[in-house]
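Colleague: Let me begin by handing over the structure; questions about it come next.
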Amino acid sequence: MEGAGAGDGGGAGSDETDPVEAASVLLEIRQGCLAGRDLACVASYAQPGAPIEAVDLAAMASGEPIVPGSADLSAISVTADLGDAVVLSVPAFGEREPASLLMMRSEAGWRLREWFG
């Protein structure tokens, strides 16, 4: 994941990026942002105004402990491809059901919109 930060102009922000690769990179960035409670960092992975942005900003501002997810980023798969919107299955380690992730592509590249877990 080297070099995939808020200031990274390529990688997940690229229109050519595969959605599965983008999801893995964006979820890693998200974990780092949540762990560091970096409010400004949210813009590097979340679509502006998206539910995931609101949830993550509220979690960071709450002061409560943030428990990172146990997603298996190497096993992400596309379940629905609607062009600029993609729904992905994100398996969890252990026996939990996979979560669903909605990502949107814009001029900024792929961004996370909503996590259904």
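Its first residue numbered 1, the sequence shown is counted upward by one per residue in UniProt numbering.
Heads up, the beta-carbon is just placed ideally off N, CA and C, and yes, glycines get one too.
Computed from a predicted structure; not experimentally measured.
(1) So, with DSSP's three-state summary, where would you put Ala22?
(2) Pick out the complete beta strand (DSSP E) segments inside the region 37-82, 3 residues or longer, and give them in chain order.
(3) Whose C-beta lies closer than 6 Å to the C-beta of Glu31 among residues of the same chain, with five residues either side of it excluded?
(4) Does any C-beta atom of chain D lie closer than 9 Å to the C-beta of Ser77?
(5) Nearest to Val78 by alpha carbon, out of Ser100, Cys33, Phe93?
(6) Of all the options Glu114, Ser74, Ser70, Trp110, which has the alpha carbon lying nearest to the alpha carbon of Phe93?
(7) Let me make sure I understand the geometry here. Which of Asp56, Asp72, Leu73 has the alpha-carbon closest to that of Pro65?
Modeller: Let's see:
(1) The DSSP-derived three-state label of Ala22 is helix.
(2) 77-81
(3) Before going on, a small fix: residue 31 reads as Gln here, not Glu. Closer than 6 Å at Cβ, skipping near neighbours: Pro68.
(4) Of the chains in the structure shown, none is chain D; there is only one protein chain.
(5) With distances taken between Cα atoms, Val78 lies closest to Ser100.
(6) Ranking the options by Cα distance to Phe93, first place goes to Ser70.
(7) Asp56
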